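Comments concern the structure below.
There are 2 protein chains.
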Amino acid sequence: MTHASSSGEAGSSAFPDAEGSPSPRRRGEHARRRVLAAALEVLAESGMPGFTIESVARRAGASKATLYRHWPSASALLVDAMDAEFRPIPDVDSGDVRADLISVLTAAAALFDRSPFPELMAAFIDAAERDPALAGLQATLTGRRRQPLLNVVVKAAREGVVPADVDPELVVDLLAAPFFYRRFVAHRPIPADMPAAVVDHVLGSLGRPLSGK
Amino acid sequence: MTHASSSGEAGSSAFPDAEGSPSPRRRGEHARRRVLAAALEVLAESGMPGFTIESVARRAGASKATLYRHWPSASALLVDAMDAEFRPIPDVDSGDVRADLISVLTAAAALFDRSPFPELMAAFIDAAERDPALAGLQATLTGRRRQPLLNVVVKAAREGVVPADVDPELVVDLLAAPFFYRRFVAHRPIPADMPAAVVDHVLGSLGRPLSGK
DNA sequence: ACTTATCGATACGCTAGCGTGTCGATGAGG
DNA sequence: CCTCATCGACACGCTAGCGTATCGATAAGT
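Here the protein sequences line up with chains A and B, keeping their order.
Each residue of the first sequence is one higher than the one before, starting from 2 at the first, in our numbering.
Each residue of the second sequence is one higher than the one before, starting from 2 at the first, in our numbering.
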């Protein structure tokens, strides 16, 4: 398989290497990268309705034939582009759990204010709803972005800063979710002190789990 | 103006009444309702890319001319359709704050499993990102759906079940957000006991606010 | 029963994207 | 320096949606 297929796992990012030729020409790599970047630009600007082979090719200064050479469909192209965009996020570990959480969440909140992330995210949410390959990729990418947060929470649990019987994944949900919710659902502003407020609420609940469960 | 314009406030839902005729014929109401229902079906099935005047008309068994008679654009039609779909949610007040919260969240979580709500929501998130009228409508509709939760929280604060100095809106965010996040961002399942777990975490944090704020 | 606004159907020219195919140009590997 | 895979460009027939216009049919109000 020479390109990311819409049914395959996310993140292969394999070159289009012909199986017969011993040492394939790699001139295509430049074109490929330009197309991936153009794809994200188009998606951010026009959303799924405007995400079109012709439109991406035009933006990339590439020929349609080149796109079809690399990807079998617009959906497959989108998978590759999104996978290339969202790289892993660096970890933090200052020793202070609260500070680390606030730091990560503040960085994340900043993303919501800067193009093209929110537009891409919104378009991707819609697309993933109807394309299983995109849904799987979104799950993978989300897990990737959750990792630093999860690491801090797990470490805190190991050190006893937080009770060991709580589900770390749920804690990460509680921490990260409000920002997505405000930005994409409620459409209300995210104040600068929101990361601290969220962290304090969640940490507070973990320090003193309810008895009446 | 005879129809909901894309720049107007949400929820006018006015009939198309000609200003000159004293007693306008209202046959159009049937057609109008069929079209609104069809619009939501199409949107849920095909997302924004497939949300098309022709497609909606076909589904509604209506003529394109009829659609253009009622709405100036596809966006205006979408505003009306979404506004008609999401009616206010009934309040709950059993006297038990925890039980009330869990009840509302469980009902909400059930929505995520049943078409066409999630598909509509996803499509709407994308659409609202690029159309200010839709963004405003989404904010209005979201506020409408938050109301029951907000009432419970405010009541709890008034009764002292919860400290009075917390921001009720933020509490509602913390309660509602994780479900949207799981469904549309993380693409992970929502277990049956998640509403209780979320409520307990959030209530726990409110019962014992952090000192280090 | 008559009037009349609204209806569904259908047709129009137009644009845009699709997916494929064919060029000559080009640039990296041998 | 030569070769050949890949490139960009362009053209093709096709489909789908756009927005407008014009019909006779229909059903509500009088």
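Ideal Cβ placement from N, Cα and C applies to all residues, glycine included.
Computed from a predicted model, the values in this text were never measured in an experiment.
Inset, instruction - For B:P119, go through chain A and note every residue whose CB falls closer than 7 angstroms to its CB, in chain order. - result: E130
Inset, instruction - Use the C-beta contact count for B:D97: other C-beta atoms within 10 angstroms, 16 or more gives buried, fewer gives exposed. - result: exposed
Inset, instruction - Determine, using beta-carbon pairs with one atom in the stretch 87 to 97 of chain A and one in the stretch 55 to 74 of chain A, whether at least three such pairs fall under 8 angstroms. - result: no
Legend entry - A:S47: first and last residue of the uninterrupted alpha helix (DSSP H) it sits in: G29 to G51
Inset, instruction - Assign B:F180 to one of three DSSP states: helix, strand, or coil. - result: helix
Inset, instruction - Could you tell me which chain A residues have their CB closer than 9 angstroms to the CB of B:V203, listed as they occur along the chain? - result: L175, H202, V203 and S206
Inset, instruction - Say whether chain B places a C-beta atom closer than 7 angstroms to the C-beta of A:M83. - result: no
Legend entry - Reduced DSSP secondary structure (H/G/I, E/B, other) of A:S22: Reliability of the predicted coordinates at A:S22 is poor, the pLDDT of 38 falling under 50, and the value obtained from them is presented with this limitation in mind. If DSSP states are grouped into helix, strand and coil, A:S22 belongs with coil.
Legend entry - C-alpha distance - A:A197 paired with B:R189, whole-angstrom precision: 26 angstroms
Legend entry - Neighbourhood of B:V200 by C-beta distance below 8 angstroms, restricted to the same chain and skipping five residues each side: R99, L102, I103, L106 and L176
Inset, instruction - Spell out a yes or no on whether the stretch 54 to 63 of chain B and the stretch 24 to 43 of chain B are touching, meaning 3 or more CB-CB pairs, one atom from each, closer than 8 angstroms. - result: yes
Inset, instruction - Could you work out which residues of chain B lie near A:V80, taking near to mean beta carbons separated by less than 7 angstroms? - result: Here the premise fails: no neighbours, minimum Cβ distance about 14 angstroms.
Inset, instruction - Along the alpha helix (DSSP H) that carries B:R88, what are the first and last residues, could you check? - result: Neither: B:R88 is in no alpha helix (DSSP H) and is coded neither H nor E.
Inset, instruction - Inspect the beta-carbon positions of A:A216 and A:G48 and report whether they are closer than 7 angstroms. - result: Past the edges of chain A, shown from 2 to 214, lies residue 216 of chain A, and the structure says nothing about it.
Inset, instruction - Determine, using beta carbons only, whether B:G48 comes closer than 7 angstroms to chain A. - result: Chain A places a beta carbon closer than 7 angstroms to that of B:G48, counting this residue as a contact.
Inset, instruction - Check each candidate in B:R33, B:A66 and B:I126 and name the one with the smallest Cα separation from B:R184. - result: B:I126
Inset, instruction - Could you confirm whether any beta carbon from chain A is found closer than 7 angstroms to the beta carbon of B:A123? - result: yes
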